[in-house]
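The structure appears right after this line, and notes come after that.
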Amino acid sequence: MHAHDSADMDVFPVGVVRSSILTKEDAPKMEHEGGVEAVIEILPEFREGMLGLEAGQQVVLLTWLHLSRRDLLQVHPRGDRTRPLQGVFNTRSPNRPNPIGLHVTNIVRVAPDGIAVHPLEVLDGTPIIDIKPLRGTPSPVPVETQAEA
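Per this note's numbering, the sequence shown starts with residue 167, numbered consecutively.
Structure follows, in structure tokens:
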């Protein structure tokens with residue numbers, strides 16, 4: 167299978183981030199490094215999907231990092247050129263073939279047209295492609311090495 171041989175994949179925004187972070191240079195690398203309160207404005211046709219969301223709930227936001235480069239397969243971690251190159255699949259770099267961001271955050275309040283969350287480290291105008299509740303603690307997955315297989 168090759169990338170362009172696969173079936174069509176339709177991904178579209180369900181909302182957009184409204185944030186005080188306006189440039190990539192102002193954005194923290196991770197939410198715990200200075201993420202701000204932001205509003206996730208849900209598009210009208212998807213607002214029914216907010217039913218059950220509550221203040222205090224942890225959620226995972228999936229974003230489309232629309233300003234990222236999609237042609238890079240290797241990067242210096244955290245943009246630090248003193249560190250050796252790594253494959254993008256071994257980093258949290260926004261530059262990757264499919265620039266999907268994964269953000270764990272807390273709902274601060276729920277409104278009819280969206281949710282306020284904190285912390286969030288993405289730019290104003292970033293598309294939201296999904297919102298998922300974070301429930302429980304992830305179970306450890308047993309590691310099976312090649313030698314054990």
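Every residue gets a Cβ at the ideal spot worked out from N, C-alpha and C, and that includes glycine.
DSSP state of residue i, grouped into three classes?
| i | result |
| --- | --- |
| valine 254 | helix |
| histidine 279 | The question names histidine, but residue 279 in the sequence shown is aspartate. The answer is coil: DSSP assigns aspartate 279 none of H, G, I, E or B. |
| arginine 213 | helix |
| aspartate 237 | coil |
| proline 265 | coil |
Per DSSP, what are the beta-bridge partners of residue i in this structure?
| i | result |
| --- | --- |
| valine 202 | Leu286 |
| arginine 184 | Val205 |
Is the CB-CB distance between residue i and residue j below 9 Å?
| i | j | result |
| --- | --- | --- |
| asparagine 261 | leucine 238 | yes |
| glutamine 224 | valine 276 | no |
| isoleucine 208 | aspartate 290 | no |
| glycine 267 | tryptophan 230 | yes |
| glycine 200 | isoleucine 273 | no |
| valine 205 | proline 299 | no |
| leucine 297 | leucine 217 | For clarity, residue 297 is isoleucine in the given sequence; the question names leucine instead. Going by C-beta atoms, isoleucine 297 is not nearer than 9 Å to leucine 217. |
How close, in whole Å, do the beta carbons of residue i and residue j come, if the pair is a contact with beta carbons under 8 Å?
| i | j | result |
| --- | --- | --- |
| proline 265 | arginine 236 | 6 Å |
| proline 293 | proline 179 | 4 Å |
| glutamine 240 | leucine 251 | 5 Å |
| isoleucine 295 | valine 177 | 6 Å |
Hey, is residue i's beta-carbon within less than 9 Å of any beta-carbon in chain B?
| i | result |
| --- | --- |
| isoleucine 273 | No chain B appears in the structure shown, which is made up of a single protein chain. |
Count the C-beta pairs between the region 178-194 and the region 277-295 that are closer than 8 Å, then say yes if the count reaches three, no if not.
yes
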